[in-house]
Amino acid sequence: LRKEKLTELTSTWCAAFETTLMDTRVATAELGWTAYPNSGWEEVSGYDENLNTIRTYQVCNVFEPSQNNWLLTTFIDRLRDCSSIPNVPGSCKETFNLYYYETDAVIATKGTAFWMEAPYLKVDTIAADESFSQVDFGGRLMKVNSEVRSFGPLSKNGFYLAFQDYGACMSLLSVRVFYKKCPSVVQNFAIFPETMTGAESTSLVIARGMCIANSEEVDVPIKLYCNGDGEWMVPIGSCTCKAGFEPDNGNVCRACPPGTFKSSQGPGLCLQCPPNSRSTSEAATICVCRNGYYRGDADQPDEPCTSVPSSPRNVISFVNETSVILEWHSPRETGGRIDVVYNIVCKKCRADRRSCSHCDENVEFVPRQLALTDSRVFISNLVAHTLYSFEIQAVNGVSNKSPYPAQHVTIDITTNQAAPSIVPIMHQISSTMNSFTLSWPQPEQPNGIILDYELRYYEKDHAEINSTVLRSQTNTARVEGLRPGTVYVVQVRARTVAGFGKFSSKMCFQTLTDDDFKSELREQLPLIAGSAAAGVVFIVSLVAISIVCSRKRAYSKEAVYSDKLQHYSTGRELSLRADMSNCPSPLGCPTHFSGSPGMKIYIDPFTYEDPNEAVREFAKEIDVSTVKIEEVIGAGEFGEVYKGRLKLPGKREIYVAIKTLKAGYVDKQRRDFLSEASIMGQFDHPNIIRLEGVVTKSRPVMIVTEFMENGALDSFLRQNDGQFTVIQLVGMMRGIAAGMKYLSEMNYVHRDLAARNILVNSNLVCKVSDFGLSRYLQEDTSDPSYTSSLGGKIPVRWTAPEAIAYRKFTSASDVWSYGIVMWEVMSFGERPYWDMSNQDVINAIEQDYRLPPPMDCPSALHQLMLDCWQKDRNVRPRFTDIVSTLDKMIRNPTSLKAIANIPAVPSQPLLDRSIPDFNTFSSVEDWLAAIKMSQYRDNFLNSGFTSLQLVAQMTSEDLLRIGVTLAGHQKKILSNVQTMRVQMSQSPSTMA
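If you're matching positions, the sequence shown starts at 1 in the UniProt record's numbering and goes up one per residue.
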């Protein structure tokens with residue numbers, strides 16, 4: 001008996017699920033109940049209504065007054081009608097009282113029982129539902145009254161039942177004590193355990209259900225209520241079969257057999273696998289697609305697996321100058337789908353078709369380039385007279401699931417020769433009373449080689465029909481024969497073999513009046529004379545100082561420089577100098593770097609009276625709402641540099657770099673900051689960093705350029721030391737040279753060409769950057785690369801000697817700097833001249849010492865570096881020559897196999913500090929650190945290479961065995977091992 005449950009008294013079987021505690025009907029021996037007093041209750045044997053022998057208790061002291069007879073146990077009674085007993089006195093009763101008493105142990109005996117109402121708890125006064133007459137009694141008819149009473153709740157281990165007679169005549173035929181509970185049941189795919197009823201008949205007991213195997217709850221937790229009669233009420237919540245299982249007979253979840261599936265939970269049945277799919281195991285939730293078939297991201301599990309489409313068919317092209325229309329038929333096979341769309345891949349190719357590159361970003365596709373629903377596209381803004389290759393890809397909703405490239409058809413077309421676009425603007429360079437000189441940039445789309453330009457001009461007050469035409473082979477022209485103080489309207493247009501482009505918009509320029517001319521001449525005459533005199537004195541002083549200082553240094557420094565640099569005083573250089581014998585002095589000879597006909601000419605933004613005008617002319621203003629700043633990637637002199645995104649109307653979103661002008665700037669700082677944009681905006685070349693635009697109408701002021709994923713070239717090379725082949729390095733140098741060739745042809749001198757100012761994108765394309773002039777205008781000594789010289793800042797290690805000594809910056813001095821960049825590239829970002837001071841570098845160069853070849857540097861490349869470092873700037877190669885030379889090396893890689901010799905004998909000039917002296921190291925760890933390979937320290941030591949003598953015997957197989965797998969690192973370590981062997985052979989004492 002559970003203590004908290006309700007106990008009931010009855011004399012018959014209940015329909016509910018019941019647990020019997022005591023039943024006197026099955027007793028075969030004396031019951032042994034306790035009666036008080038002895039003359040009261042008496043145990044006798046009798047018969048039940050079925051004439052079965054039973055043990056009963058009876059009492060019938062109706063003739064005696066004041067009866068108080070107790071019987072202690074738990075039974076059901078049978079009562080007799082008092083009127084059926086003759087001559088009964090008034091003490092006869094037809095009821096008795098039922099009590100119970102809880103206890104944790106057996107305590108009641110005849111001597112210890114309580115024969116009074118206290119401490120019992122009364123259950124009820126029991127009265128018969130039906131009394132029995134004398135006729136019934138005399139006729140020996142057996143009639144039974146059955147009463148059921150509930151009591152509780154109970155909290156102790158057990159209890160007693162007590163029956164109190166007041167003077168009735170009755171027999172307790174049987175007593176059965178039981179409690180009710182709800183039986184275990186499976187309902188709604190959940191199992192509910194046996195649950196006892198509550199203390200009251202109206203009580204409801206919650207039973208938590210547990211889902212059967214392979215099922216799970218739906219929505220709310222499942223439960224049933226057990227009522228006081230032991231019956232289950234309506235369930236709340238339910239379980240349902242899991243995905244991969246179906247219901248069977250309402251109470252079992254059966255696994256889906258092979259070849260079928262069920263994708264979600266619920267009452268649904270398993271389904272057959274859709275076409276082109278299969279399931280090979282039981283309980284499948286989805287059928288796997290067969291080879292060559294796929295299921296799209298939005299496809300439902302019950303949909304068939306589909307395949308990729310075949311290629312488009314029957315492509316037709318219509319070329320019109322620099323645009324093309326492509327049309328095609330849909331694929332023969334759609335893969336069983338209706339969502340077929342088309343992508344266009346555009347490539348611009350060389351005429352010999354040997355190499356192609358992706359088309360420029362300004363190429364436009366109408367309606368769009370990707371996800372075309374129609375089989376037609378219009379492509380414009382192509383370059384004239386150029387071979388293009390177009391791939392038309394057919395894709396559908398499962399193409400991204402296939403490991404193979406999209407099926408496509410390719411068509412090659414060559415654009416026609418087209419006239420150039422409009423010249424965007426003109427500038428007046430100078431003006432006199434009878435003439436003015438104009439310049440203009442090249443058309444944005446030249447569409448071929450510009451043959452010449454045609455100017456049309458006329459007096460503003462006259463009709464256009466009276467205009468005069470002037471031809472110019474370059475993008476500058478001097479218009480003469482004009483009237484003083486007169487305003488002229490001028491237009492210009494460019495011409496290619498395809499004809500003239502459209503005239504530019506009309507612009508007005510004015511000649512000087514007589515008074516203006518005389519006033520200007522008076523203002524400039526003293527300045528010209530003074531500048532000339534000062535220049536002569538200054539040059540003579542410099543020459544004298546240079547001669548004295550160089551003689552004093554010649555002998556004291558030579559030994560120092562020979563430890564690090566090579567001395568170059570060859571017959572080739574002497575012959576080159578002899579070829580220039582007609583030049584009176586290095587500063588007096590005109591450089592051979594000049595712009596080519598038809599090229600743009602760089603215009604210095606500082607020549608504008610209002611610098612903001614230069615910004616408006618050369619840089620596009622960007623709406624700040626189209627710029628999204630994301631994260632800081634660096635800091636510049638004027639403020640922080642961010643990575644961000646730019647989304648211009650009608651164009652795709654791109655990553656950009658954003659330079660910002662810090663708060664609290666003055667006008668001069670703003671002018672210097674934006675001058676870089678005015679410079680950069682004049683350039684358009686794949687190896688020059690591209691200006692996207694500026695933000696000047698809000699704060700902070702921004703310069704927005706294309707984003708270069710790999711950052712500065714010097715740090716990128718150091719991070720990837722030994723990871724690139726010679727051909728890859730030459731390709732990088734070729735890109736830099738191409739960008740500098742473009743700048744030199746525009747008559748722009750960079751002044752600060754160095755690997756730190758070259759940016760690298762994700763495709764390893766190198767682009768020249770950093771066109772700011774601020775470092776030449778401020779005395780900031782925070783950067784040791786720049787040293788004060790003649791009132792400005794000069795990067796000594798990268799600067800040509802004539803620029804250091806005389807501030808003579810030309811494209812030839814940029815060539816010298818380019819040679820240093822070549823050395824940086826081949827040494828994977830090592831610092832030029834290592835730890836030498838700037839003054840030592842200047843002195844060494846004056847004595848014809850030059851940087852030695854980096855490790856494994858081809859001799860052809862080092863010779864090109866030496867050509868760039870010719871002391872006479874007039875005999876250095878032009879960037880056009882450098883590009884041509886590098887192209888030849890790329891086309892003939894065998895020319896790069898000869899490695900420049902690096903003497904290892906200490907008496908000869910030490911060429912490179914990357915080849916350390918073996919004798920200076922005491923351990924393998926020190927040696928690895930010196931050659932920048934410390935990451936392999938544990939590999940060496942754990943493999944037994946614990947001494948330099950053992951390391952000196954290593955082979956390439958040993959390196960692979962210990963885990964050095966990168967080819968560049970193997971090459972570097974083996975090169976240093978070879979050097980160590982040479983040094984060991986020259987130092988026998990060390991081996992001992």
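Beta carbons: idealized from backbone N, C-alpha and C, even for Gly.
No experiment lies behind these values; they were computed from the predicted model shown.
Does DSSP classify residue i as helix, strand or coil?
{"i": "I794", "result": "strand"}
{"i": "D716", "result": "One point to set straight first is that residue 716 is Phe, not Asp, in the sequence displayed. If DSSP states are grouped into helix, strand and coil, F716 belongs with the helices."}
{"i": "E18", "result": "strand"}
{"i": "N69", "result": "strand"}
{"i": "V726", "result": "helix"}
{"i": "S744", "result": "helix"}
{"i": "E573", "result": "Because E573 carries a pLDDT of 37, less than 50, the predicted location of this residue cannot be relied on, and the following value inherits that uncertainty. In the structure shown, E573 sits in a helix (DSSP, three-state: H, G or I)."}
{"i": "M680", "result": "helix"}
{"i": "C868", "result": "helix"}
{"i": "T979", "result": "helix"}
{"i": "I820", "result": "helix"}
{"i": "T322", "result": "coil"}
For residue i, count the other beta carbons within 10 Å of its own beta carbon; 16 or more makes it buried, fewer makes it exposed. Which is it?
{"i": "G739", "result": "buried"}
{"i": "D714", "result": "buried"}
{"i": "F63", "result": "exposed"}
{"i": "K651", "result": "exposed"}
{"i": "G963", "result": "exposed"}
{"i": "V186", "result": "exposed"}
{"i": "E830", "result": "buried"}
{"i": "F945", "result": "buried"}
{"i": "E676", "result": "buried"}
{"i": "S947", "result": "exposed"}
{"i": "K793", "result": "buried"}
{"i": "V878", "result": "Checking the sequence, you will find Arg at residue 878 rather than Val. That one is buried."}
{"i": "V148", "result": "exposed"}
From this set, the options, which residue's C-alpha is nearest residue i's C-alpha?
{"i": "R254", "options": "H462, I212, S238", "result": "I212"}
{"i": "K122", "options": "L98, I107, M116, L966", "result": "L98"}
{"i": "E464", "options": "L470, A371, R456", "result": "R456"}
{"i": "E246", "options": "D229, D721, S215", "result": "S215"}
{"i": "E653", "options": "E361, S859, I206", "result": "E361"}
{"i": "H358", "options": "C349, K793, F365", "result": "C349"}
{"i": "I450", "options": "I890, V26, N475", "result": "N475"}
{"i": "F96", "options": "K668, Y166, G32, G40", "result": "Y166"}
{"i": "T197", "options": "P221, G152, F724", "result": "G152"}
{"i": "S279", "options": "M836, N157, C256", "result": "C256"}
{"i": "E130", "options": "V144, D881, A371", "result": "V144"}
{"i": "E43", "options": "S504, Y57, N919", "result": "Y57"}
Kindly list the residues whose CB is nearer than 6 Å to the CB of residue i, restricted to its own chain and excluding five residues on each side of it in sequence; keep chain order.
{"i": "S813", "result": "A800, A803"}
{"i": "E444", "result": "S421"}
{"i": "S782", "result": "Because S782 sits at a pLDDT of 46, beneath the cut-off of 50, its placement in the model cannot be relied upon, and the point is left open."}
{"i": "S769", "result": "I689, N757, L759"}
{"i": "residue 995", "result": "What the structure shows of the chain is the stretch from 1 to 992, and residue 995 is not part of that stretch, so it cannot be assessed."}
{"i": "T513", "result": "P484, G485"}
{"i": "N61", "result": "Q67"}
Enumerate in chain order the residues of its own chain whose CB-to-CB distance from residue i is below 7 Å, with the five nearest sequence positions on each side excluded.
{"i": "H969", "result": "G722, M933"}
{"i": "S956", "result": "Q970, L974"}
{"i": "F921", "result": "W927, A930, L948"}
Tell me which same chain residues have a C-beta within less than 8 Å of the C-beta of residue i, skipping the five on either side of it?
{"i": "T20", "result": "R176, V177, F178"}
{"i": "R981", "result": "A952"}
{"i": "M233", "result": "L204, L224, Y225, C226, N227"}
{"i": "E364", "result": "I379, S380, N381"}
Residue i: beta carbon under 7 Å from a heavy atom of the ligand ATP?
{"i": "Q719", "result": "With respect to the ligand ATP, the structure shown offers nothing to examine, as it has no ligands at all."}
Kindly give me the distance between the Cβ atoms of residue i and residue j, rounded to whole angstroms, as I take these residues to be in contact under 8 Å.
{"i": "V59", "j": "N68", "result": "V59 to N68, Cβ: 11 Å. No contact."}
{"i": "R797", "j": "V841", "result": "6 Å"}
{"i": "I344", "j": "I392", "result": "6 Å"}
{"i": "I622", "j": "G644", "result": "Rounded, the Cβ-Cβ distance is 11 Å, inconsistent with contact."}
{"i": "F618", "j": "S698", "result": "Not confirmed; about 20 Å, so no contact."}
{"i": "F606", "j": "F638", "result": "So it is not a contact: roughly 17 Å between Cβ atoms."}
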